[in-house]
Every structure is written in C-alpha cells, then in structure tokens.
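2 is the number of the first residue of the sequence shown in the working numbering; add one for each residue after it.
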Amino acid sequence: MANEATEKVHVLIIGSGPAGYTAAIYAARANMKPVLYQGIQPGGQLTITTEVENYPGYPDGIQGPEMMVHFEKQAARMGADIRYGLATKVDFSQHPYKVQIDEEKWIEADAVIICTGASAKWLGLPSEERLNGFGVSACAVCDGFFFKGKEVAIVGAGDTAAEEALYLSKLCTTVHMFIRRDKMRASKVMQERVLNAPNIKVYWNTDTDEILGENKVEAVRIKNNQTQETQTIPISGFFVAIGHHPNSDIFKGWLDMDETGYLLTTPGTTKTNIEGVFAAGDVQDKNYRQAVTAAGSGCMAALDAERYLTTKGLV
Ligand code: NDP
C-alpha cells in the first residue's frame, strides 16, 4: 500500500511555533510521548521578527529567534521527540490517523495536534525582503512600539490594515496608508475610524514602488496607479497588512475550514470536526495571532488530546 505507515506514535504535533512547542511541553509532561515535526521554518513566524517585548516573562524583551530556541529547549527537556521534517499529506479516513512526512514516510498517530500556523502575505519587492526586520514588518502589534514618535507607512485596506493603522496612529506621529484601489475593503466602522484619525494620511490608487534605505528603512517611493505620478516619503517603519494565509492546504477535504482556509474548531476547545485531531495557534485563529494566544491554545490542544486519549482508553 502506498501509504503504509512505518512508525506508530501516540501524539503527533505538526508545527514548531509557540502553539506546537507549548503543546509538546504539556503532552510530554503528561507522559503522552509527543513527536513534533518542525516544518520548513523551525520556530515559525517569530524567527523572522526581531525583538519581542510583549511576551510575559521576559521583562527586558527577547529576540524572536532566541525565544523560539527557549521554547524548543523546554519541550526537548520535558522529553518531546523533536524532528526536522514537513508534513506533506494526511489520511484521516480511519483511526489511527496517518500523516506523511517529506513526501516519503507515513506515520500513524492516536492523536494529531495541528499547529502549522499562518504566513503573512508580502508585496514581493526585493527591498521588502532585504529590509525585513530592519524597519519592514508584517505585525504592527509586535513591532509598532519601536517606531514610537516616528513616521511610518502601512499598505493594505482590509480590517487588519485598518486596525493596525489605528494602532500605529496612537504611537507614531504620522501613518501613511497606501491603498491600491479607490476604496477600502475594511468594514465601514473601521474605515470611518481610519478616515477620521487626524494623523492617518490615506493615499488612494497607490502602489508601493520601492522601500528605500541601506541597512534600515529610510523612505518609501510610491506611485499613483492612475496618474503614474511617483512620490518619495521619508519613514522609519513600513508595515505590510495585506492578509495572511493559514498553512492548511494539506488538510483540505478532511477538516472543516472557513472560506479563507482557517481551520474551524469547536468554540472554547481545539477540537476539529475529526475526533482526535486538534488545531491550535494561527492556523485556526485569524483574530488574535499573538505568540501568547498561540501558546495558550497549544496548551489547550494538549489537554484536549489527553482527555481524548484517556476517554478512548489509549493511555
Ligand atoms: P483581507 O484579505 O480582508 O484584506 C487584504 C487587503 O490587502 C485588501 O484590502 C487588499 O486590497 C489588500 N492587498 C492584497 N494584496 C495587495 C497588494 N499586493 N498590494 C496592495 N494591497 C494588497 O485581509 P485582512 O488580514 O485585513 O483580514 C482577513 C480577515 O480577517 C477578514 O475577513 C477580516 O474581516 C478579518 N479581520 C477582522 C478583524 C476585526 O473584525 N476586528 C480584524 C482583522 C481581520 P483589495 O481590497 O484591493 O483586494
């Protein structure tokens, strides 16, 4: 059989952000012998941020990559089996569930905890990639504070962009907001708030041409896509808020998800529509998307998995 399992594990955790490692810490301490596959970006989205100042327990702040090393070490010390590898396919047609790793090996698991996260969408400019972490960010709540009293720009016109522009407007002198059409997608109430904020300057029909600066963001060149007129604006921070994609493609057809691919869980739990398959962190949360909320839901998933295995008599 093509998907014959070569290994059987008790609890399989997919993903290595705050949700995955927290699930691993709790599952290991409950003697559930979790095996965690890290995915292509061990440590997840926090490994592409710089300083994290809002995670409780770090009074002086900490670098995102270093924090994720701490998470991993703690999970390993509790006995989690942490492996490098990407889940590439699943077969949830019968219990125990099967997950394929790196398009080769199939693993069977009594319970699966999905913590595959989400990825920010980017504009795709080379300058955006080069200055990522040096003034370019996809998270105003994470990084806005570093631009207190400065001028920043944000691109996007959905609820996230509106919310983040408003957040930044409380910290920064001016927020330049670039919108590619002549209207915003955000809900009416959010649009009104943005348009009424005295220090948010909205630019309609505007594309970002290039982010300027050698080692840090110094300015942005924009272009009006109607008149083709360009303009350079000095800024210190550039925020991209054009949406995220949840990393849920491999679960299509198996798990219930919303129209944008976020996994659906029973409210107040991490249970998906398949018994014994749980989801935690950003892959099932398009609202909060914080390290601390992801970690909290990772804990919930491990506890839900433990209850499931106990009820089934599998522990
Ligand atoms: P959305 O997909 O709703 O919006 C993305 C925005 O980015 C759109 O305005 C889009 O423009 C713009 N965009 C996309 N690509 C580019 C590009 N290459 N260049 C310039 N602009 C671009 O994503 P959000 O993250 O804002 O929201 C996701 C979901 O979460 C939504 O359902 C939203 O309502 C919800 N949400 C709710 C919140 C709340 O209720 N408080 C808070 C945050 C999110 P265009 O309109 O032209 O396509």
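Glycine included, every Cβ here is placed at the ideal spot set by N, Cα and C. Please read these numbers as outputs of a predicted model, since none were measured by experiment.
Does residue i come out as helix, strand or coil in the three-state DSSP assignment?
i	result
Met68	helix
Asp210	strand
Thr294	helix
Asp61	coil
Met258	strand
Asp283	helix
Ser138	strand
Ile251	helix
Pro235	strand
Asn55	coil
Asp183	coil
Lys74	helix
Leu310	helix
Ile14	strand
Phe147	helix
Ala88	strand
How close, in whole Å, do the beta carbons of residue i and residue j come, if the pair is a contact with beta carbons under 8 Å?
i	j	result
Ile223	Phe179	6 Å
Gly282	Gly299	6 Å
Gly1	Thr50	There is simply no residue 1 to check, as the chain begins at 2 and stops at 316 in what is shown.
Ala81	Leu37	6 Å
Ala141	Phe240	5 Å
Gly277	Val10	That belief does not hold up - the Cβ atoms of Gly277 and Val10 are roughly 13 Å apart, past 8 Å.
Ala220	Thr233	5 Å
Val156	Cys173	Actually they are not in contact, since the Cβ atoms of Val156 and Cys173 sit about 15 Å apart, beyond 8 Å.
Arg182	Asp208	Incorrect: roughly 10 Å between the Cβ atoms, too far for contact.
Could you spell out where the beta strand (DSSP E) holding residue i opens and where it closes?
i	result
Met178	175 to 179
Asp144	Segment 141 to 144 is the alpha helix (DSSP H) holding Asp144; no beta strand (DSSP E) there.
Arg84	82 to 84
Pro322	There is no way to answer for residue 322, as the model of the chain reaches only from 2 to 316.
Glu230	Unbroken run through Glu230: none, as it is neither H nor E.
Tyr98	98 to 102
Glu152	152 to 156
Tyr204	201 to 204
Val316	No beta strand (DSSP E) contains Val316, which DSSP labels as neither H nor E.
Determine the burial state of residue i: buried for a count of at least 16 other Cβ atoms within 10 Å of its Cβ, exposed for fewer.
i	result
His71	exposed
Gly136	buried
Glu8	exposed
Lys272	buried
His177	buried
Asp111	buried
Asn216	exposed
His246	exposed
Thr267	exposed
Met290	Checking the sequence, you will find Arg at residue 290 rather than Met. Arg290 comes out buried.
Lys99	buried
Thr117	buried
Asn248	buried
Gln101	buried
Thr311	exposed
Ser17	buried
Gly44	buried
Glu130	exposed
Gly21	buried
For residue i, which residues from the same chain have a beta carbon less than 8 Å from its beta carbon, with the 5 sequence-adjacent residues on both sides left out?
i	result
Leu196	Val203
Gly134	Ile49, Thr50, Thr51
Pro235	Glu152, Glu219, Ala220
Met68	Leu47, Val53, Tyr56, Tyr59, Ala292
Go to residue i, then tell me how far its alpha helix (DSSP H) extends in each direction, as first and last residue.
i	result
Glu164	160 to 170
Lys189	189 to 197
Glu130	127 to 131
Ile275	Element bounds for Ile275: n/a, residue is neither H nor E.
Ala25	19 to 30
Here's a check: name, in chain order, each residue in its chain whose Cβ is nearer than 6 Å to the Cβ of residue i, leaving out the five neighbours to either side.
i	result
Ala302	Ala24, Ile114, Thr271, Phe279, Ala281
Arg84	Tyr38
Ala121	Ala139, His245
Ala296	Pro19, Thr23
Ile275	Phe93
Relative to the ligand PLP, is the shortest distance from any of its heavy atoms to the C-beta of residue i smaller than 8 Å?
i	result
Gly145	For the ligand PLP, the structure offers nothing, since it holds only the ligand NDP.
Between residue i and the rest of its own chain, which residues show a CB-CB distance below 7 Å, the 5 nearest in sequence each way excluded?
i	result
Glu145	Contrary to the premise, residue 145 reads as Gly rather than Glu in this sequence. Within the same chain, Gly145 has close Cβ partners Tyr168, Leu169, Leu172.
Val293	Tyr56, Pro57
Ala166	Ile155, Val176, Met178, Val195, Ile201
Asp210	Arg222, Ile223, Lys224, Thr231
Glu54	Gly62, Phe146
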